Amino acid sequence: NAGYSRPVGGVCSPCSAGKYKAKSGSESCLLCPDNSVSSLAAVEIAACRCKAGYVGSDGGTCTACAAGSYKMMLGDAACVKCAANATSATAADAASSCICNGGYYAQNDGCVE
Numbered sequence: 004n005a006g007y008s009r010p011v012g013g014v015c016s017p018c019s020a021g022k023y024k025a026k027s028g029s030e031s032c033l034l035c036p037d038n039s040v041s042s043l044a045a046v047e048i049a050a051c052r053c054k055a056g057y058v059g060s061d062g063g064t065c066t067a068c069a070a071g072s073y074k075m076m077l078g079d080a081a082c083v084k085c086a087a088n089a090t091s092a093t094a095a096d097a098a099s100s101c102i103c104n105g106g107y108y109a110q111n112d113g114c115v116e
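Residue numbers (the working numbering): 4 to 116.
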């Protein structure tokens, strides 16, 4: 079955998370594109979703969120900009990754002088 693989003479087992298989047969499961993950027994490449901190279409290329932005969820959602006067490293996966720039301090979900 799709989503499962079976070595010759072996038992069928589901494709592990991060892999998929679109057709029936004994072929091996295929790896999702870099920086994406799928659930167990995924049956199509579109089930490979970009990890938090990465953006792109499901089943496609996932690129890191740029410095100064973050993405907290799996999938094709856009990266979110940090608050004004704050930045983050590339591939940030949480709002808490945004830190105030030099000379600014955190106040009420923002950075002020």
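The C-beta atom is built at its ideal place from N, Cα and C for all residues, glycine as well.
Bear in mind that the values here come from a model prediction, so they are computed numbers and not experimental data.
- A direct Cα-to-Cα measurement between Gly28 and Ser16 gives close to 12 Å.
- Spatial neighbours of Ser60 in its own chain (CB-CB distance under 7 Å, excluding positions within 5 residues in sequence) are listed in chain order as Asp79.
- For Val115, the enclosing beta strand (DSSP E) begins and ends at Gly113 to Val115.
- Tyr57 sits away from Asn88, with the two beta carbons spaced by 8 Å or more.
- For Tyr107, there is no enclosing beta strand (DSSP E), as DSSP gives it neither H nor E.
- The straight-line gap separating the alpha-carbon atoms of Ala45 and Leu77 is approximately 15 Å.
- Counting only residues of its own chain and dropping the five nearest sequence neighbours on each side, Lys84 has a CB closer than 8 Å to the CB of Gly71 and Ser72.
- Pro36 has no beta-bridge partner at all, per DSSP.
- With respect to Ala25, Ala5 sits close: the two C-beta atoms are nearer than 8 Å.
- Shown here, Ser91 sits in coil according to DSSP, grouped into three states, outside any helix or strand.
- Looking at the DSSP output, Ser16 sits in a beta bridge with Ser8.
- In terms of CA proximity to Ala86, Asn104 leads the group Ala50, Cys32, Thr93 and Asn104.
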